[in-house]
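A.B. asks:
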Amino acid sequence: MSTYLGQNFLKDSSMRSYIGSAIAKMYEEVQAQALMEIGPGKGAITRKIKDVSRDFFVVEKDLTMEPYLLEVGLEKKQIVFGDFLEVDVVGQLQGLGKNIKETLAVGNLPYYITSPIFRKLFTDGEACFLGGIFMIQDEVGQKIISSAQKKSYLWRLLNWAYEVKYLKMVPPKCFSPAPKVKSCLVKFIRKERVEPVNFQDLELFLNLFAPYSRKTLGRIAKIIEKKQEHQRVFNISESLAKKRLEELSREEVAQIIGKSDA
27 MSTYLGQNFL
37 KDSSMRSYIG
47 SAIAKMYEEV
57 QAQALMEIGP
67 GKGAITRKIK
77 DVSRDFFVVE
87 KDLTMEPYLL
97 EVGLEKKQIV
107 FGDFLEVDVV
117 GQLQGLGKNI
127 KETLAVGNLP
137 YYITSPIFRK
147 LFTDGEACFL
157 GGIFMIQDEV
167 GQKIISSAQK
177 KSYLWRLLNW
187 AYEVKYLKMV
197 PPKCFSPAPK
207 VKSCLVKFIR
217 KERVEPVNFQ
227 DLELFLNLFA
237 PYSRKTLGRI
247 AKIIEKKQEH
257 QRVFNISESL
267 AKKRLEELSR
277 EEVAQIIGKS
287 DA
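Note that the working numbering has the sequence shown beginning at 27, numbered continuously upward.
(1) So residue 143 packs on residue 49, CB below 8 Å; how close in whole Å?
(2) In chain order, what residues of the same chain have a beta carbon less than 8 Å from the beta carbon of residue 270, not counting five sequence neighbours either side?
(3) Whole angstroms are fine: how far does the CA of residue 170 sit from the CA of residue 260?
(4) Tell me the DSSP secondary structure of residue 270 in three-state form.
(5) If you compare alpha carbons, which of 39, 188 and 102 is closest to residue 218?
(6) By Cβ distance, which residues of its chain are closer than 7 Å to residue 125, with the 5 residues on each side in sequence left out?
(7) Note down the Cα distance separating residue 245 from residue 172, rounded to an integer number of angstroms.
(8) Roughly how many whole angstroms lie between the Cα atoms of residue 88 and residue 72?
(9) Label residue 288 either buried or exposed according to how many other C-beta atoms from any shown protein chain fall within 10 Å of its C-beta, with 16 as the threshold for buried.
(10) Which residue wins for smallest C-alpha separation from residue 110, given the options 195, 37, 147 and 45?
(11) Going by Cα to Cα distance, which pick from 103, 112 and 138 is closest to residue 121?
(12) In whole angstroms, what separates the C-alpha of residue 93 from that of residue 266?
(13) Could you give the DSSP three-state label for residue 163: helix, strand or coil?
(14) Below 8 Å on the Cβ atoms is my guess for residue 283 versus residue 193; work out the distance and round it to an integer in Å.
(15) Identify, in the order they occur along the chain, each residue of the same chain with its Cβ nearer than 7 Å to the Cβ of residue 179, setting aside the five sequence neighbours on each side.
(16) Within its chain, find whatever has a CB closer than 7 Å to the CB of residue 185; leave out the 5 residues flanking it on each side and keep chain order.
(17) Does the distance from the C-beta atom of residue 130 to that of residue 58 stay below 9 Å?
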């Protein structure tokens with residue numbers, strides 16, 4: 027195993043079956059047309075889901091995994107080698123005659139790049155994936171699920187267009203080598219109604235306002251203006267100026283971003 031890739035291979039057969047069934051069920055429920063697995067490794071989950079979709083492919087960084095993936099029944103054309111953060115997923119789907127909005131993404135994600143992967147998958151508004159099921163660090167999972175008490179920067183980005191559900195805790199003993207922390211399965215379900223925003227503006231708003239989340243928006247706006255941290259001005263109404271960031275609804279955030287001026 028290439029430890030620099032952060033790989034922890036799932037060895038528990040009952041957990042593999044559980045994940046495979048959950049993915050197959052979701053694929054049918056959301057009427058997906060394509061399925062992509064990120065970081066299949068030796069194919070523990072791949073073996074369970076390779077027949078779920080006629081348009082199934084995997085993205086794997088480690089070239090030494092090819093024999094294992096071929097052994098579970100994949101064709102070479104179904105294996106895309108490269109860093110997922112750099113792979114042209116849209117182009118890959120276009121080659122299958124599919125698009126990103128009808129594609130389900132799944133995977134056992136390396137802990138150290140979970141956030142960048144989620145940002146690529148789920149924080150681009152209307153161009154985003156249909157949803158997905160992922161194995162991630164339990165601590166991260168607890169922070170991003172829709173029911174989380176504290177709404178972090180990443181929580182706000184991911185929950186803008188998706189409902190994030192906690193499916194199951196996965197103990198270290200299910201992996202080889204066993205990680206030092208617990209893992210969990212989370213499920214992303216695209217919301218039927220999504221407030222239309224420019225995600226670059228949303229990220230900018232959160233970058234500027236989140237560090238001062240305990241202050242009111244009006245106070246934060248004055249701090250930002252005084253520091254001249256950015257040229258963009260967010261026009262905040264008198265009623266919203268009295269609120270803190272954590273008190274804002276998605277509609278109110280969209281209202282602020284929609285009124286922003288360059």
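The beta-carbon is built from N, C-alpha and C at its ideal position, and this holds for glycine as well.
Owing to the predicted nature of the structure, the values given are computational and were not obtained by experimental measurement.
C.D. replies: Reading from the atomic positions:
(1) The sequence position of residue 143 within the sequence shown is 117, counting from 1. The sequence position of residue 49 within the sequence shown is 23, counting from 1. The C-beta distance from residue 143 to residue 49 rounds to 17 Å, too long to fall under 8 Å, and the pair is not in contact.
(2) Stepping through the sequence shown from its first residue, residue 270 is reached at position 244. Here the set comprises 239, 240, 241, 242 and 243.
(3) Locating residue 260 in the sequence shown gives position 234, where the first residue counts as 1. Locating residue 170 in the sequence shown gives position 144, where the first residue counts as 1. When rounded, the distance between both Cα atoms is 26 Å.
(4) Counting from 1 along the sequence shown, the entry for residue 270 is found at position 244. Strand at residue 270.
(5) Start at 1 with the first residue of the sequence shown, and residue 218 comes out as number 192. Nearest of 39, 188 and 102 to residue 218, Cα basis: 188.
(6) What you label residue 125 is simply residue 99 of the sequence shown in a count that begins at 1. Within the same chain, residue 125 has close Cβ partners 119.
(7) Position 219 of the sequence shown, counted from the start, is the residue given in the question as residue 245. Position 146 of the sequence shown, counted from the start, is the residue given in the question as residue 172. Residue 245 and residue 172: Cα-Cα distance of roughly 28 Å.
(8) By one-based count along the sequence shown, residue 88 stands at place 62. By one-based count along the sequence shown, residue 72 stands at place 46. Straight-line measurement puts the Cα of residue 72 at about 15 Å from the Cα of residue 88.
(9) As a working mapping, residue 288 is identified with position 262 in the sequence shown. In this prediction, residue 288 has a pLDDT of 44, which is less than 50 and means its spatial position is unreliable; what the coordinates show is noted afterwards. Exposed is the call here.
(10) Counting from 1 along the sequence shown, the entry for residue 110 is found at position 84. Comparing Cα positions, the closest option is 147.
(11) As a first step, residue 121 is located in the sequence shown; it is residue number 95 there, counting from the start. Nearest to residue 121 by alpha-carbon distance, out of 103, 112 and 138, is 103.
(12) What you label residue 93 is simply residue 67 of the sequence shown in a count that begins at 1. What you label residue 266 is simply residue 240 of the sequence shown in a count that begins at 1. C-alpha separation (whole angstroms): 57 Å.
(13) Locating residue 163 in the sequence shown gives position 137, where the first residue counts as 1. It is a strand residue.
(14) Within the sequence shown, numbered from 1, the residue matching residue 283 stands at position 257. Within the sequence shown, numbered from 1, the residue matching residue 193 stands at position 167. That belief does not hold up - the Cβ atoms of residue 283 and residue 193 are roughly 31 Å apart, past 8 Å.
(15) The residue you call residue 179 lines up with position 153 of the sequence shown. Counting only Cβ-Cβ distances below 7 Å, and skipping sequence neighbours, we find 232 and 236.
(16) Residue 185 sits at position 159 when you count from the first residue of the sequence shown. Within the same chain, Cβ atoms closer than 7 Å to the Cβ of residue 185 are found at 172, the five residues on either side in sequence being excluded.
(17) Locating residue 130 in the sequence shown gives position 104, where the first residue counts as 1. Locating residue 58 in the sequence shown gives position 32, where the first residue counts as 1. Yes, these two residues count as a Cβ contact at 9 Å.
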